[in-house]
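Structure representation (structure tokens):
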């Protein structure tokens, strides 16, 4: 069993609450909640955050997200279950999460423009960034 290193939500409550509140603003996005949660799931898979995988997996299943689709998020590139918009969002999520090696290529960014407005791309990028922040807290401090 993994022992939690620090209880960051208790030690830095103001900052933690601000991050949580920032994530809640995504509820006002025109992006579907299931898409945001799917992106949270993929980012958490990349970062290996068991806590977040459990939380977002549970949300997706309870909200009626298709189980077969859920089970193939990590292999979305080889799956036929995802729409072109979802594929573009997942590609962007991977590029932003792996920014030090991906550099967020123009072709991946341009693919977003066929499916999302500039505001939605901005919201999507915030969602990816916020989840990366939560993952880094949970993984490094062993939530």
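Residue numbers (full-length UniProt numbering): 1 to 143. Even for Gly, the Cβ is constructed at its ideal location relative to N, Cα and C.
Discussion item. For residue 5 and residue 142, which I take to be in contact (beta-carbon distance under 8 Å), what is that distance rounded to the nearest angstrom?
Written reply: 5 Å
Item to complete: Taking only the alpha-carbon atoms, compute the straight-line gap between residue 31 and residue 85 and give it to the nearest angstrom.
Response: 11 Å
Worksheet entry | Delimiting residues of the alpha helix (DSSP H) encompassing residue 106 | Segment 106 to 113, the alpha helix (DSSP H) holding residue 106.
Discussion item. When you compare the CB positions of residue 104 and residue 93, do they come within less than 7 Å of one another, or not?
Written reply: no
Discussion item. Between 90, 21, 65 and 63, which has its C-alpha nearest residue 75's C-alpha?
Written reply: 90
Practice prompt. Give the straight-line distance between the Cα atoms of residue 113 and residue 119, rounded to the nearest whole angstrom.
Written response: 11 Å
Discussion item. What residue range does the alpha helix (DSSP H) around residue 64 cover?
Written reply: Run containing residue 64: none; DSSP gives neither H nor E here.
Worksheet item: How would you label residue 61, buried or exposed, when you count the other beta carbons within 10 angstroms and need 16 or more for buried?
Response: Classification of residue 61: exposed, given that the 10 Å Cβ count is below 16.
Discussion item. Can you tell me where the alpha helix (DSSP H) holding residue 128 begins and where it ends?
Written reply: 118 to 140
Worksheet item: When the Cβ atoms of the segment 114 to 134 are set against those of the segment 27 to 42, are three or more pairs found closer than 8 Å?
Response: yes
Item to complete: Apply the 10 Å Cβ neighbour rule to residue 56 and answer buried if 16 or more other Cβ atoms are within range, or exposed otherwise.
Response: buried
Worksheet item: Quick one: what does DSSP say residue 56 is sitting in, helix, strand or coil?
Response: DSSP places residue 56 in helix when its eight states are reduced to three.
Discussion item. Check this for me: beta carbons of residue 23 and residue 130, under 7 Å apart or not?
Written reply: yes
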